[in-house]
Each structure stands twice: as C-alpha cells, then as structure tokens.
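The numbering of the sequence shown is the working numbering, which starts it at 1 and goes up by one.
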Amino acid sequence: MASSKEKYVRRSISVRLIRHGESKNNQVYRDAQRLFKGGTPDFDLKSWTEYTDEHRVSDPGLSDVGQEQASRLSHYLEPHLANQAGEVRFVISPMRRTIETMLPTLTAMNRNSNENSHVKTVINGFYFESEGCHTREKVEPGMNAEQIAECLSPAGVQDASYVGFQNGPENGWYAYGTGPETRHESEQRAARFYVWMMEFLDEQLMEAERSEVEDIFDAGVTLPGEENDKCHNRFEPRARRRRTAILCGHGDFMSLVLKRIISGFGHAIEREGESHRSAFVHFNTGITELEYFGKGRFLLMSSNQVPHLHGPSGECCITGGSLKDGWSYLMPSDKILLDSEVAFAFSDDVQPHIAEQTEALRSLYLTKSGSSLSQDELDTTHHKSNALTVVVKRGLQVVGCASLDERTGRLSDVVVRPSARRSQVGRSLIDAVKNHAIQSQKFDKIIVEPYTSESKAFFEKMGFELTEDSTGEKYTNEIVHMECKL
C-alpha cells in the first residue's frame, strides 16, 4: 500500500454498471429451456427454435418479474443517491428494457430532487445488447430519439442527450444495421464504448481540476466529522456527496466492456467469430460497482450485487444469473480451444502477457534442478539478445514454452502444462524448433539436458539420442546430454 504521507490527490467518480430487469425475451427463453429440455440429451432444438421465433420480439419491454425488479431497484437506489450522491449522470442503452428498468428510479429522483441533487440522462446509441435489433434475422431500426423521449417523459426527463446514433438521433439506433450483429462487430463496438466511457468520465475529472467541483474529490481521505462514516452503509447521509455515474445496459455487452475495464487495451479477440474464454455474469438488475480515477484507471469494488432483492420477499425476483439462463453458451467449445500456434520471439521482445505466463509455467513446473545453470545465470541467459523464447499458444493462453540459444542450439526450460500434455503440444513445440533451426541455418543440431526419466523419455520420442559421453551410463537424476541432428 502507498504511504499515507504521499501527497497525491486521488479524485474518483463512483460508477455503477447495472443490468436491465428481466425482459419478456428473457422469459421466453427461460420457458423454452424448461419446455424443450434445454441442456439435456433430450433437447428438442426444432421445437425450441419454433417457440422462440414465435414469441421473441426485437426490442422487448420488461416482464412482470422485470417490472418488480425495477421497482425494488428504485427503492434501493433513490435513497442511496439522495443521501450520498452529488450530480448523478445516467447512461442508458437505447433498448426498451433498459429504459423501463430505469424509469422508476428516474421518476423518484426527479420527484424528490432538490438543490443538492442534479440528474442528467444520456441515451447512448451504441450501448445496446450484442446482436442488435432484429426479428428472425430481419433488421429492425429500433427507437429514435423522439420515441425514446416519449418513454422517458413520464419520469420527468425532459432534457436527455442522445449520442452514438450512427444514422443520427432522428433515425432508429440500429437503422444502420444490415443484419444481426456478428461477434466481431460486438467486440469492436465494446471497444468504442469503452473509449467513449473513459472520455465521458475523464471530462468530469478534468472539470474538477480546472475549477471547484464539490462532488469530485479524494474519497479515500477522511475529513473532520467523517470519522464515524460507515462505508458499507448505502443509506446514511454523507457530508460530502459524490459524483456518480449509473450505466444501465445488458448482460453480454456489459461483460465485453468489463473485460476491457479489467485488462485495459490488453484484451483481444482470440479467434474470429468466437467468444472469449472468460465472461462476467449479472443477474437481472445486478450491480457492479467501480471507482474511476481517470486515464483508464479502474478499481473493481464489487460485482453482480443485488441487495435490493435480498430477503424472503425478494428472492423470488432473482433471475438471469445462473447457468440455466444460458451463460455457459458464451464459453467457446473445447474443439476451438484445442487449436494451437507456435510463436518465436527474442526474450526482450516477448509481449508482457506472454512473458507473465511463461514465467508462471517455469515457476510451477520446472524443478530447481531443471537446469544446469544457477537462477542468476538463468535470468541472464533469458535476457541475452540471442536467446529465443518459444511458446505454444491457444488463443491468448500459453500452454507450453522453452528457451532456445541460437549460438549453441541448446534448448532449455522446456515445459508444457500438465493438462495439455496429451494434446501434442510438446511435439508441436519441438517440431517448430526443428523447422526454425533448418530455416535459420544457425546450428545443425539441437542439444537438451533432461533431468528426469520422464523428460528423457519424451525427448527420445522426439528423435533425440544420448551423446557419446552419455551412452552406456545408467540413467539417474544426474545430467545427461542428448542431441537431435538436423
């Protein structure tokens, strides 16, 4: 932790990502899962498809359960924001279910507003759910700004701003669409929204630096009179109210945005048309709390919380956050993840996320006797300009690695994750080293020094033989030399 004497002001904005309440489509899919035995050997795909096609709509509102969730969310958010928030900026998806989710809260906030409460509403045209707006593959334009304003009017919202409408706010938010959005397009849009969100928040932090803004400050500092504040108490009045951003969106798209928040620009698509190997799950009206410190710096404070649905009377309203709600379908199949690629890079040029994983593999699965060099010598060897790091990757995940000294042809620190040892990862790694040696013509043989009977047997299968000075020796845990002539 940083020293308490550090004279650096860490201003931040409180950010809440909230998933919409249960939509009528959520209810349709849940019913179809039950009726046609989804996820079982008896799954009736034909009937499931016919049922969902008949009952699904392109831009549904909330189900009865969703309306109850939205009401309970309002009963939680309004007193919390009234007592602890300064200016509140709502960023809402243009889809009907998100707008209906926020209506009770906006109504209560505007009804009970006072001079210390400022509410602003932004409808972001590219914060919609993955796949866009369509009925049986036919594109629907979605609502335009005028239609959305009519939905917001009962809540007393008269001055909402509209951004991200690619064909202009006078047209529907998906009027530009040519079909259901692809996975790649969803990922690209998540990147755009991530950048927009940072700029949206950065502008507010910059405002606090230029002038006196009472509700943007270093919330980690306790001022006189705040000694007894209980941070976990969401309803207790605060002497200093905080700038707060409420972003109401959708389960899958929020997951795409959160992955970028957690990994910054390091997030990348692993394979065209496939979802990433990790995702964030949210219940309907689940709340994820973040702190934003500017320039892309986030703290994840809590994830997928539903305090408004706790208790016997609310538990029946908890929906949308289990495997039976279809979240497991975001995981790519095993077959996709079995595809591997081998990459070479000089040690100094290895990307940080690759270097981190290779060092973890070495630390976990190489014994201290796994090299003839001391640790200091190993560290030096790995950073020599002629040392190559060889990695086998599945998407962004490293499953095998080795170090190759191009001066001598010595291959060291060969390690494969135990779970991948039956998937030809080791052979892929060795074959790639052989091909590289043949193409580079820098050495005519590969030398290894296995330390265990298991590794010796592996290299024998890969075509390595004991050198003359090792031939005939009874194999123990002492060093032996093996080579593979090219």
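Each residue gets a CB set at the ideal place from its N, CA and C atoms; glycine is no exception. In this text the structure is predicted, and so the values were computed from the model without any measurement.
Simplified DSSP assignment, three categories, for residue i
i: Arg10; result: coil
i: Val195; result: helix
i: Glu460; result: helix
i: Ser322; result: coil
i: Ser130; result: coil
i: Lys434; result: helix
i: Leu205; result: helix
i: Thr135; result: strand
i: Ile18; result: strand
i: Ile216; result: coil
i: Leu466; result: strand
i: Ala562; result: Since the displayed the chain opens at 1 and closes at 486, residue 562 lies outside it and no answer follows.
i: Lys230; result: coil
i: Ser263; result: helix
i: Phe443; result: coil
i: Phe235; result: coil
i: Leu411; result: strand
i: Leu81; result: helix
i: Val157; result: coil
i: Leu223; result: coil
Extent of the continuous alpha helix (DSSP H) run through residue i
i: Gln424; result: Counting along the chain, Gln424 falls outside any alpha helix (DSSP H), and DSSP gives it neither H nor E.
i: Tyr162; result: First-last for Tyr162: Ser161 to Val163, but that is the beta strand (DSSP E), not the alpha helix (DSSP H).
i: Ile148; result: Ala145 to Leu152
i: Tyr365; result: Pro352 to Tyr365
i: Ala32; result: Lys24 to Leu35
i: Asp53; result: Leu45 to His55
Enclosing beta strand (DSSP E) for residue i [first to last residue]
i: Lys393; result: Ala387 to Arg394
i: Thr244; result: Arg242 to Gly249
i: Gly86; result: Ala85 to Ile92
i: His481; result: Element bounds for His481: n/a, residue is neither H nor E.
i: Asn112; result: Per DSSP, Asn112 belongs to no beta strand (DSSP E) and is neither H nor E.
i: Asp405; result: Gln397 to Asp405
i: Lys120; result: His118 to Asn124
i: Ile287; result: Ile287 to Tyr292
i: Gln491; result: Look at the range of the chain in this structure, 1 to 486, and you will see that residue 491 is not part of it.
i: Val342; result: Glu341 to Phe346
Separation of residue j from residue i, as counted between CA atoms
i: Ile446; j: Ala437; result: 8 angstroms
i: Arg243; j: Gly177; result: 35 angstroms
i: Leu299; j: Arg183; result: 27 angstroms
i: Gly168; j: Ala239; result: 42 angstroms
i: Glu187; j: Ile287; result: 22 angstroms
i: Ser347; j: Ala387; result: 6 angstroms
i: Met488; j: Phe280; result: A question about residue 488 goes unanswered here, because the residues of the chain that appear run from 1 up to 486.
i: Gly326; j: Ala108; result: 33 angstroms
i: Glu185; j: Phe126; result: 11 angstroms
i: Thr52; j: Met462; result: 53 angstroms
i: Ala70; j: Ser313; result: 15 angstroms
i: Ile148; j: Ile13; result: 27 angstroms
i: Ser369; j: Gln439; result: Caution applies to Ser369, whose pLDDT of 42 falls short of 50 and renders its modelled position unreliable; the value that the coordinates give is listed next. The straight-line gap from Cα to Cα measures roughly 32 angstroms.
i: Leu283; j: Ser74; result: Looking at the sequence shown, residue 283 is not Leu but Phe. Cα to Cα, Phe283 sits roughly 16 angstroms from Ser74.
i: Phe464; j: Tyr29; result: 56 angstroms
i: Leu361; j: Glu454; result: 17 angstroms
i: Val415; j: Ala355; result: 14 angstroms
i: Pro307; j: Cys316; result: 13 angstroms
i: Arg407; j: Gln441; result: 11 angstroms
i: Thr105; j: Glu50; result: 37 angstroms
i: Thr452; j: Lys434; result: 22 angstroms
Under 8 angstroms between C-beta atoms of residue i and residue j
i: Asp31; j: Cys133; result: no
i: Thr389; j: Ala345; result: yes
i: Tyr174; j: Glu140; result: yes
i: Gly61; j: Arg97; result: yes
i: Val9; j: Asp229; result: no
i: Arg11; j: Ile216; result: yes
i: Gly320; j: Glu68; result: no
i: Arg19; j: Met254; result: yes
i: Glu137; j: Gly164; result: no
i: Asp413; j: Leu366; result: yes
i: Glu214; j: Gly86; result: yes
i: Phe193; j: Val257; result: yes
i: Arg234; j: His80; result: yes
i: Asp44; j: Ser130; result: no
i: Ile261; j: Val88; result: no
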